[in-house]
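In our numbering, the protein residues as written are 6 to 326. Just so you know, even glycine gets a beta-carbon here, dropped at the ideal spot from N, CA and C. All of these numbers come straight from a predicted model, not from anything done at the bench. What follows is one structure encoded as structure tokens, with my remarks underneath.
The following block contains the structure:
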């Protein structure tokens, strides 16, 4: 097998140790997740379309099924600057010609006008309604309009919140209140009660918070706010809750707090800030919703709410209560 793309973070990490040992954490159809002795989370992907921090993509065009490769938990992999392999599984991946992917947020963009962004958010709503695969996050987002008059949520979800998730409504509202207030003292405890809610390798609420934090990084750039303000809020959001979720999700949240995301998410946010063609945005939404069962949609909903909050505060001067 041949690697087509490798994250710059992973490449630098391998270069630092020359030879990096890791063991299999979990295996899915599209991904093989590894953990190093230093507890670093690394992912091998079957398509470079979904490249994200600390991952490497092989030339499989999405057709390779990792679950069919006789890979099991705790199996050892060796990562070298020219190859990644497992003798036990008989797997050899040539990474010598893999192109490096930049994991940093792309903040030197040429933005469109605010009125264009408003139109782009309408396109985002249409994309979510067309392609979204909903978890309990979507009903929570819909309910925001009941408490915050200027949210103007246009997401269509046929089913309401399942009974088993109703406990989270007040926690979610509290979190949103504290975000709007920029209350760094209380938000850590509030988010701790949310992080880890849901099922899967990255629980639904974590995906939402991830998208939300990433959007803040880009929107501070758009509005000329010091990026450090977004970093400070994001740092407070994840300060207390990481131990209450999965290993993969904890890593995702730490990266998201500094604006690092998958290429699909990065492309979507840049489209919202820089494009004027609706079809481009709809395609970006469609691509992002294809991640996981509902992970992609939950992340997009976090981005959506981030845009709604910041745009209303900064441009319209709206009051939420």
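Residue i: first and last residue of the uninterrupted alpha helix (DSSP H) it sits in
| i | result |
| --- | --- |
| residue 4 | The structure shown does not extend to residue 4, since the chain spans only 6 to 326, so no value can be given for it. |
| residue 279 | 268-279 |
| residue 315 | 300-316 |
| residue 291 | 283-294 |
| residue 2 | Nothing about residue 2 can be read from this structure; the chain reaches only from 6 to 326. |
| residue 153 | From DSSP, residue 153 is part of no alpha helix (DSSP H); its letter is neither H nor E. |
| residue 240 | 232-243 |
| residue 161 | Here residue 161 belongs to no alpha helix (DSSP H), and DSSP marks it neither H nor E. |
| residue 135 | 119-136 |
Proximity winner among the options, relative to residue i (alpha-carbon distances)
| i | options | result |
| --- | --- | --- |
| residue 249 | 267, 211 and 300 | 211 |
| residue 124 | 77, 282 and 296 | 282 |
| residue 10 | 97, 267 and 62 | 62 |
| residue 31 | 23, 119 and 251 | 251 |
| residue 43 | 167, 255, 131 and 25 | 25 |
| residue 110 | 144, 127, 142 and 57 | 57 |
| residue 293 | 50, 39, 141 and 54 | 54 |
| residue 8 | 84, 18 and 22 | 84 |
DSSP bridge partner residues for residue i (one or two, in chain order)
| i | result |
| --- | --- |
| residue 99 | 7 and 88 |
| residue 256 | DSSP output for residue 256 lists no bridge partner at all. |
| residue 81 | 28 |
| residue 50 | 36 and 62 |
Three-state secondary structure (DSSP) of residue i
| i | result |
| --- | --- |
| residue 26 | strand |
| residue 21 | helix |
| residue 325 | With a pLDDT of only 37 at residue 325, under the threshold of 50, the placement of this residue in the model should not be trusted; the figure read from the coordinates follows. Looking at residue 325 - three-state DSSP - the assignment turns out to be coil, as it is neither helix nor strand. |
| residue 41 | strand |
Residue span of the beta strand (DSSP E) that contains residue i, given as start and end
| i | result |
| --- | --- |
| residue 191 | Premise fails: residue 191 is in no beta strand (DSSP E) and is neither H nor E. |
| residue 104 | 104-106 |
Anticipated Cβ contact below 8 angstroms, residue i with residue j, distance rounded
| i | j | result |
| --- | --- | --- |
| residue 221 | residue 238 | 7 angstroms |
| residue 304 | residue 270 | 6 angstroms |
| residue 200 | residue 246 | 3 angstroms |
| residue 146 | residue 306 | 5 angstroms |
Closer than 7 angstroms: residue i CB and nearest the ligand COA heavy atom
| i | result |
| --- | --- |
| residue 31 | This structure lacks the ligand COA; in fact it carries no ligand of any kind. |
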